[in-house]
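J.: I am attaching a structure below and will ask some questions about it afterwards.
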Amino acid sequence: MTHKLANEGKLLEGGVAAFVRAEKIALSHPALATFRDAYMAGAEHLWTSIMIILDPGAEPTDDDLRRAEAI
């Protein structure tokens, strides 16, 4: 499922849907858009942080791997 969503450009939307299901949030909940925005903001923060902390170069370094594991 993850590969399918990624190939379709819907990976984060799938994550939001999984969060909504896991937390049993009604699709009619008035704060649903706020939950989605918060999820997306967290995903954007994580992605940006990962891109910033990677060492230069195409291959991952030991420090890159250590940082990724610490997340």
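Letter by letter, the sequence shown follows residues 1 to 71 in this note's numbering.
Backbone N, C-alpha and C define an ideal beta-carbon position, used for all residues, glycine too.
(1) Just to confirm the assignment: which complete alpha helix (DSSP H) runs, minimum length 4, are found wholly within the region 46 to 71?
(2) Could you have a look at G9 and say whether DSSP puts it in helix, strand or coil?
(3) For a test of the three-state rule: what should DSSP assign to H29, helix, strand or coil?
(4) Pick helix, strand or coil for E23, following the three-state DSSP scheme.
(5) Are the region 36 to 51 and the region 11 to 20 touching by the rule of at least three beta carbon pairs closer than 8 angstroms?
T.: Taking the definition as stated:
(1) 62 to 70
(2) coil
(3) coil
(4) coil
(5) yes
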